[in-house]
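Since the structure comes first, as structure tokens, the remarks are kept for the end.
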Amino acid sequence: MEDDEKQSIVLFPFMGQGHIIPFLALALQIEQLNTNYAIYFVNTPLNLKKLRASLPSSSSIRFLEIPFSSSSYGLPPASENSDTLPYHLILRLFQASASLQFKSSFKEAIQALTARCHGRPPLCIISDIFLGWTANVAKQLGVYHAIFSGAGGFGLACYVSLWLNLPHRKVVAHHFSLPDFKEGTVKLHKTQLPTNIAEADGEDGWSIFQRENLSAWVDSQSLLFNTVEEFDQIGLSYFRRKFPGLRVRPIGPLVLGLKSRDRIGNTRGVITRETILKWLDSKPSSSVLYVSFGSMNTISSSQMMQLGKALEGSQKNFIWVVRPPMEVDINAEFKGEEWLPEGFEERNRATGRGLVVQNWAPQVEILSHRAVSAFLSHCGWNSVIESLGNGVPVMGWPLAAEQFFNAKYLEEEMGVCVEVGRGKKSEVKSEDIVKKIEEVMGEKKEMMRRTARKVKETMEKAWKQREGFNGSSAKSFHDFLSDAKQHREMKDMILFSNIAN
Ligand code: UDP
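Using this note's numbering, the letters of the sequence shown correspond one by one to residues 39 to 539.
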């Protein structure tokens with residue numbers, strides 16, 4: 039069947055690696071489930087250029103380009119992705135993504151696609167949690183719309199609740215609860231707030247963006263999550279109650295396969311994927327701590343020093359993906375000798391105890407290696423899913439967004455995490471980090487790994503489809519497609535009866 043005869047599904051992630059990755063995983067999952075859909079991936083030119091290079095040659099995914107001129111939004115030239123921007127410019131990227139709604143390029147791209155498909159509109163548009171405005175475009179064009187959250191249910195529920203209520207502004211105490219959370223009391227501490235929420239007063243740029251974005255969700259019909267019903271019920275029921283117009287459907291875990299990742303990040307330095315895998319092969323099972331803070335966050339230089347000392351002090355094997363510290367330009371030349379304890383890289387490489395990888399590592403391959411014991415992570419949801427999907431417990435050091443609530447949930451509700459640090463500004467002491475490493479890789483190791491393996495089994499079942507059995511995510515996704523098809527049939531019927539009349 040030619041593409042123009044197939045039903046098309048349009049995917050539009052926010053311009054950040056942590057968003058593009060789960061969308062790409064979703065695209066590949068749909069492609070694998072049913073080749074009768076034509077999948078279109080929408081994004082800005084530079085992001086698509088990178089994606090084109092990273093897809094397997096057998097993939098039939100197509101791209102729809104939305105023009106984007108970073109300098110007209112006050113962003114540095116060629117900046118189309120949060121992983122190349124310093125923190126103070128991230129809001130501008132969010133605002134730029136929102137202002138795309140006024141340029142009609144997305145709407146025009148969908149109209150052009152419809153024309154190419156002999157007047158048949160897409161079956162659905164699935165867009166990012168931060169691109170709420172696309173729901174209104176879908177509504178205007180009569181297309182079924184879904185929001186896909188790469189974040190988990192609990193983490194996103196806390197995040198949304200905070201933006202809607204700003205409860206921390208109304209109390210003097212350090213502890214406060216989320217007022218609209220009826221699924222059990224959720225108590226947070228002020229140190230668990232991402233900087234933009236902590237500083238929000240309701241009238242600042244972030245508050246305005248979030249308010250407008252969340253209110254645009256009412257035009258959508260479905261809310262998909264990269265999570266699993268069985269272990270994320272509190273957060274999912276929050277959304278079912280708060281947004282009754284949205285069908286909430288967990289469809290995880292969606293993890294981007296290895297072949298599609300190679301060129302997504304900006305790998306630098308001399309340590310290649312092959313070096314890392316060979317090094318891991320040489321290590322005993324469950325003996326390595328993997329350390330990474332994701333695609334866009336970094337810690338401060340003093341925190342880096344303490345972490346470096348702790349890694350050496352713990353005498354455990356480690357792989358640490360190092361990005362420039364917070365105070366330094368994100369695209370700066372790598373200066374390990376300034377940012378890390380003296381002689382750190384050379385010493386640990388020579389003893390074979392640790393590898394420092396610059397900027398970007400093949401994370402999923404590392405986490406699936408038998409030598410990895412635990413993951414010291416910022417608790418971005420992709421990292422969480424990738425870690426637990428391999429039965430690897432987490433040492434949480436949340437830094438931004440909903441990561442604080444992910445860490446809390448993993449520790450308090452799931453028993454697969456120990457928090458080791460919090461935020462980019464907090465003072466951490468190497469001795470305390472060493473204690474936590476010893477805990478997770480020592481006395482608590484077996485218990486935490488057993489619990490993480492149970493989560494892994496739940497995740498594996500979620501997409502299993504055998505005769506007479508549909509895993510919860512497989513069923514959820516099937517129901518979502520049925521809804522979209524029903525919506526299409528209804529629209530077609532209305533159109534047909536209008537023409538007939
Ligand atoms: N990632 C990777 N190598 C790195 C850093 C990140 O492959 O060195 C991938 C990681 O596997 C995950 C994504 O980038 O899929 C990061 O997403 P996450 O939600 O964990 O955090 P974010 O980067 O959005 O803060």
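Every residue gets a Cβ at the ideal spot worked out from N, C-alpha and C, and that includes glycine.
When we look at the beta-carbon of residue i and count the other beta-carbons within 10 Å, is it buried (16 or more) or exposed?
i: Asn-386; result: buried
i: Ser-421; result: buried
i: Gln-441; result: buried
i: Ser-187; result: buried
i: His-206; result: buried
i: Val-432; result: buried
i: Phe-534; result: exposed
i: Gly-427; result: buried
i: Pro-362; result: buried
i: Lys-463; result: exposed
i: Asp-530; result: exposed
i: Phe-507; result: exposed
i: Ala-522; result: buried
i: Phe-140; result: exposed
Say the cut is 6 Å; is the CB of residue i nearer than that to a heavy atom of the ligand UDP?
i: Ser-330; result: yes
i: Ile-58; result: no
i: Ser-333; result: yes
i: Gln-67; result: no
i: Ala-399; result: yes
i: Trp-358; result: no
i: Gln-396; result: no
i: Ser-421; result: yes
i: Gln-248; result: no
i: Gly-190; result: no
i: Gln-344; result: no
i: Gly-418; result: yes
i: Ile-55; result: Note that residue 55 is Gln in the sequence shown here, rather than Ile. Under cutoff, so the answer is yes.
Tell me, to the nearest whole angstrom, how far the beta carbon of residue i is from that of residue j; I am working on the premise that it is less than 8 Å.
i: Leu-315; j: Leu-284; result: Contact doesn't hold; Cβ gap of about 42 Å is too wide.
i: Ala-238; j: Leu-194; result: Rounded, the Cβ-Cβ distance is 17 Å, inconsistent with contact.
i: Val-493; j: Val-454; result: 6 Å
i: Ile-404; j: Tyr-328; result: 5 Å
i: Ser-510; j: Val-256; result: Wrong, their Cβ atoms sit about 26 Å apart, outside the cutoff.
i: Leu-86; j: Phe-101; result: 5 Å
i: Gly-591; j: Gly-418; result: Because the chain is modelled from 39 through 539, residue 591 falls outside the range shown and cannot be assessed.
Helix, strand or coil for residue i per DSSP?
i: His-570; result: In the structure as shown, the chain starts at 39 and stops at 539, and residue 570 therefore has no counterpart that could be examined.
i: Gly-351; result: helix
i: Ser-275; result: helix
i: Asn-420; result: helix
i: Ile-47; result: strand
i: Ala-116; result: coil
i: His-126; result: helix
i: Pro-288; result: strand
i: His-183; result: strand
i: Val-293; result: coil
i: Val-256; result: helix
i: Arg-487; result: helix
i: Arg-387; result: helix
i: Asn-397; result: coil
i: Arg-154; result: helix
i: Gly-283; result: coil
i: Asp-270; result: coil
i: Phe-413; result: strand
i: Ile-475; result: helix
i: Ala-65; result: helix
i: Arg-207; result: helix
i: Asn-81; result: strand
i: His-57; result: helix
i: Trp-201; result: helix
i: Val-326; result: strand
i: His-407; result: coil
At a Cβ threshold of 7 Å, is residue i touching chain C?
i: Lys-482; result: Going by chain labels, chain C is absent from the structure shown, which holds only one protein chain.
Could you tell me if the beta carbon of residue i falls within a distance shorter than 6 Å of some heavy atom in the ligand SAH?
i: Arg-385; result: This structure simply doesn't include the ligand SAH; it includes the ligand UDP instead.
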